[in-house]
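Asks:
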Amino acid sequence: MAKMDSVAVMEVAPVPDPPFIDATSLQQPPPPAPLAALALRRSARCLNRPVRPSYAEQEPPKPPSGRGRGKRKRDEEKQEPAAAQGAKSPGRKASNAEPGERKPKPVIAAVPISCAGAPAAAEDDGMGTGKSAKLRVKETLRAFNSHYLHLVQEEQKRAQAALQEIEAKGGLKRQTKGSKKKGGNQEVEVEEKEKRPSKRPDLKAITKMQETNAVLYPEKRIGHLPGIDVGDQFYSRAEMVVLGIHSHWLNGIDYMGMKYQGKKGYENLTFPLATCIVMSGIYEDDLDKADEIIYTGQGGNDLLGNHRQIGSQQLKRGNLALKNSRDNGNPIRVIRGHSSKTSYTGKVYTYDGLYKVVDDWVQNGLQGHVVFKYKLKRLEGQPSLTTSEVRFTRAEAPTTISELPGLVCDDISGGQENLPIPATNLVDDPPVPPSGFTYLKSLKITKGIKMPSNIIGCDCEGDCASNKNCSCAQRNGSDLPYVSYKNIGRLVEPKAVVFECGANCSCNHNCVNRTSQQGLQYRLEVFKTASKGWGVRTWDTILPGAPICEYTGVLRRTEDLDGLQNNYVFDIDCLQTMKGLDGREKRAGSEMHLPNLHPENDSEAPPAPEYCIDASSIGNFARFINHSCQPNLFVQCVLSSHNDVKLAKVTLFAADTILPLQELSYDYGYRLDSVVGPDGEIVKLPCHCGAPDCRKRLY
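Position 544, counted from 1, in the sequence shown is what full-length UniProt numbering calls 544; the numbers after and before it change by one each time, with no gaps.
(1) Which one or two residues does DSSP pair with Asp614 in a beta bridge?
(2) According to DSSP, Asp254 sits in a beta bridge with which residue or residues?
(3) Label Asp679 either buried or exposed according to how many other C-beta atoms from any shown protein chain fall within 10 Å of its C-beta, with 16 as the threshold for buried.
(4) Ser402: buried (16+ other C-beta within 10 angstroms of its C-beta) or exposed?
(5) Would you list, in sequence order, the uninterrupted beta strand (DSSP E) runs of no fewer than 3 residues that lie entirely inside the segment 334-408?
(6) In whole angstroms, give me the CA-to-CA distance for Leu664 and Phe437.
(7) Between the alpha carbons of Leu225 and Tyr217, how many angstroms are there, rounded?
(8) Looking at the structure shown, is Ala168 part of a helix, part of a strand, or coil, going by DSSP?
(9) Can you list, in chain order, the residues of its chain with a C-beta nearer than 6 angstroms to that of Ser413? Leave out the 5 residues immediately preceding and following it.
(10) Ala622 by DSSP, collapsed to three states: which one?
(11) Are the segment 454-472 and the segment 563-579 in contact at 8 angstroms, needing three or more beta carbon pairs?
(12) Express the C-alpha separation of Tyr485 and Leu151 in angstroms, rounding to a whole number.
(13) Check for me: the beta strand (DSSP E) holding Ser325 runs from which residue to which?
(14) With 16 other CB atoms within 10 Å as the buried threshold, where does Leu269 fall?
(15) Does the distance from the C-beta atom of Leu322 to that of Val357 stay below 7 angstroms?
(16) Looking at the unbroken beta strand (DSSP E) that takes in Leu203, where does it start and where does it end?
(17) Thinking C-beta only, is Glu550 closer than 7 angstroms to Lys649?
(18) Taking the beta carbon of Pro433 as the centre, do at least 16 other beta carbons fall within 10 Å, making it buried, or is it exposed?
(19) For the segment 630-686, which segments carrying the beta strand (DSSP E) assignment without a break, of at least 3 residues, lie completely within its bounds, in sequence order?
(20) Kindly indicate which three-state DSSP category Asp459 falls into: helix, strand or coil?
(21) Three or more beta-carbon pairs under 8 angstroms between the segment 570-587 and the segment 464-483, yes or no?
(22) Give the DSSP bridge partners of Arg490, in chain order.
(23) By the three-class DSSP mapping on this structure, what secondary structure does Cys549 have?
(24) Which residue's Cα is closest to the Cα of residue 705: Asn469, Val215, Gly619, Gly346?
(25) Counting only the same chain and skipping the five closest in sequence on each side, list residues whose C-beta sits under 7 angstroms from that of Gly406.
(26) In or out: Gln518 buried (at least 16 other Cβ within 10 Å) or exposed?
(27) Out of curiosity, what's the CA-to-CA distance linking Thr212 and Gln630?
(28) On the three-state DSSP scale, how would you describe Asp560?
Structural data, given as structure tokens:
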């Protein structure tokens, strides 16, 4: 993908008024009632509902008692309260669609066995936390990814220190050894090999999760696991281990050992007993016909990637477990692994449901060695397969914009972004594109607002990751906030504020500490939803910690918007959050960073932020990103060229692995019952996010 000048993309600087590009011939929707808009603005005036400070944390979410995250957005199509609420909200249209939860996948009847007698496919969390099983799965993966990124950073620092030590010693150590060659004795110069243990951040992350009892299902279970649906995907075996769907990072057969014999619910079963298999093409004798599998037992493989058998297999451990599963008749989870360029491990694993072993036999394999073979058939009544053999059959993102159904605009950015952003509309008749605003990818500064002077930058050469004395790293506490893994920059964890390299830094524009300044890196689409107005979805896989965009618009003083109707305002409340005002939850680094920021920040911070971003008439695609009670994005304050956190950039980052065609969302954070009309009645707006743990109301 093409790269853009990093400073030009993200730097907060005045820009000239852009030409207004709009579908002027289209009929514009009527503006919402000023009364309702004003009430919404007041409810969201920078009073933060506590937001989880890290996508690694697994603490129970606090009740929505704080107020808004800072964003004040109310698209016309989003304001569809129930008819019963219409009298309290004059000027709003009644909605025929009621907010609803996403229903869990149907559970097949052929799964009578579960750990400790509990139904294996129950869709509540079953652990007394009050959270849905889906939310616990998401939180577990966030915790794993947080550990993983921290460990990647540690490994990169260790490798960098080793290289610097080698360079300090004048290159690789060499020693001379005496050896005899034909023609006489000669001294041969031999390069001494550096001894270094294998470092696997993913395996170390598993250990961290096990040490903190953070594995979701540590006890092995038969059948479906709550919160994991057919078609769910995982981007490493380590992710499957920390969830408990497949508890070994290498072996293809997961099974329950002898310790389960005699436990309640398992009295009449023969152990070991298989619970899950992973098909990833390691064995040359495997045959996959989707609903029917011929599976080769484990053992005898050279594990070098050429799929060849180098020895005979034995009837023990996983092989014996599969044989016993045929006799016991228990279902087995099947996961298929496939090569994937979008995965940081090079593979993606898809849960394809439950199968039963219907036959087993012994034969000589292609190399003449004894192998055990098992025939598995998929149980009926499950959701349809999303993978078949070695290729995906799930709905895939389009490869070209022209093939998009309902295309109403080729590129809403008009060529400003690195990649075009098409808009589609399959809801309206006739279909119309987004209108009523001018696209601008950078922030516009209102007259009368003076931006702080640029601070002194770092003196690093090339990438700051290679300089352990980088001053920008010191601003962040000692370590850079990002890691670059396989050329993908990712934020290690959400922070109180991220200090990036700025205009006066000498590092190059591709420096890892300019990650959020690189412009749009993913193919996105703006699309019309049935009940939420416009939304944004991705065509590419986005990894946790990856930057999505800056929220752009017109930088204004908050007081200038008093009494004005506005639907797309985002308050810059970073300072209030760092000081924990009005119930805001502090993030890591708040106390450490405050003394080093702009002197004005040391004064008593007002309860409301001084500045906001108004995207009502000018902005980028961020203005279309919808709310969710279980979002896949989070908001991060970013500073680069100055230290005034009151004028920090508001940037959206991925909190989870976001798969192609998934909608992007973040939590607007409105406090329930915070919007009151002039008659003193509470104004309510239903939430249509569809999350399992939806709060049912936006405010």
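Where is the CB? At the ideal position from N, CA and C, for every residue including glycine.
These figures come from a predicted structure and were not determined experimentally.
Replies: In short, the structure shows the following:
(1) Locating residue 614 in the sequence shown gives position 614, where the first residue counts as 1. DSSP output for Asp614 lists Val554, Val569 as bridge partner(s).
(2) Residue mapping note: residue 254 aligns to position 254 of the sequence shown, counting from 1. The partner list for Asp254 (beta bridge, DSSP) reads Cys276.
(3) For the purposes of this step, residue 679 is identified with residue 679 of the sequence shown, where counting begins at 1. It is exposed - the Cβ of Asp679 has fewer than 16 other Cβ atoms within 10 Å.
(4) Position 402 of the sequence shown, counted from the start, is the residue given in the question as residue 402. Counting Cβ neighbours within 10 Å, Ser402 comes out exposed, since fewer than 16 surround it.
(5) 347-364, 370-378
(6) By one-based count along the sequence shown, residue 664 stands at place 664. By one-based count along the sequence shown, residue 437 stands at place 437. If you take the alpha carbons of Leu664 and Phe437, they lie about 21 angstroms apart.
(7) Locating residue 225 in the sequence shown gives position 225, counting from the first residue. Locating residue 217 in the sequence shown gives position 217, counting from the first residue. C-alpha separation (whole angstroms): 8 angstroms.
(8) Start at 1 with the first residue of the sequence shown, and residue 168 comes out as number 168. Here Ala168 sits in helix by DSSP.
(9) Your numbering for residue 413 matches position 413 in the sequence shown. Excluding residues within five positions, the ones whose Cβ falls inside 6 angstroms are Ile421, Tyr439.
(10) Along the sequence shown, one-based indexing puts residue 622 at 622. Note: Ala622 maps to helix in three-state DSSP.
(11) no
(12) Counted from its first residue, the sequence shown places residue 151 at position 151. Counted from its first residue, the sequence shown places residue 485 at position 485. Roughly 12 angstroms separates the two Cα atoms.
(13) As a first step, residue 325 must be located in the sequence shown, where it is residue number 325. First-last for Ser325: 318-328, but that is the alpha helix (DSSP H), not the beta strand (DSSP E).
(14) For the purposes of this step, residue 269 is identified with residue 269 of the sequence shown, where counting begins at 1. It counts as buried.
(15) Reading the sequence shown from its first residue, position 322 is the one you call residue 322. Reading the sequence shown from its first residue, position 357 is the one you call residue 357. Yes, they are a contact pair.
(16) For the purposes of this step, residue 203 is taken as residue 203 along the sequence shown, with counting starting at 1. No beta strand (DSSP E) holds Leu203; the alpha helix (DSSP H) holding it covers 201-211.
(17) Residue 649 sits at position 649 when you count from the first residue of the sequence shown. Residue 550 sits at position 550 when you count from the first residue of the sequence shown. Yes.
(18) Walking along the sequence shown from the start, residue 433 turns up at place 433. By the neighbour-count rule (16 or more Cβ atoms within 10 Å), Pro433 is buried.
(19) 633-639, 649-654
(20) Taking the first residue of the sequence shown as 1, we reach residue 459 at position 459. Coil, per DSSP.
(21) no
(22) In the sequence shown, the residue the question calls residue 490 occupies position 490. Answer is Val483.
(23) Numbered from its first residue, the sequence shown carries residue 549 at position 549. Note: Cys549 maps to strand in three-state DSSP.
(24) Summary: the structure shown does not reach residue 705, with the chain confined to residues 1 through 699, and so no result is reported for it.
(25) Here residue 406 is taken as the residue at index 406 of the sequence shown, counted from 1. Around Gly406: Thr424, Asn425, Leu426, Pro431.
(26) As a first step, residue 518 must be located in the sequence shown, where it is residue number 518. Its Cβ being crowded by 16 or more others within 10 Å, Gln518 is buried.
(27) Numbered from 1 along the sequence shown, position 212 holds the residue referred to as residue 212. Numbered from 1 along the sequence shown, position 630 holds the residue referred to as residue 630. Between Thr212 and Gln630, the C-alpha separation is close to 24 angstroms.
(28) As a first step, residue 560 must be located in the sequence shown, where it is residue number 560. It is helical.
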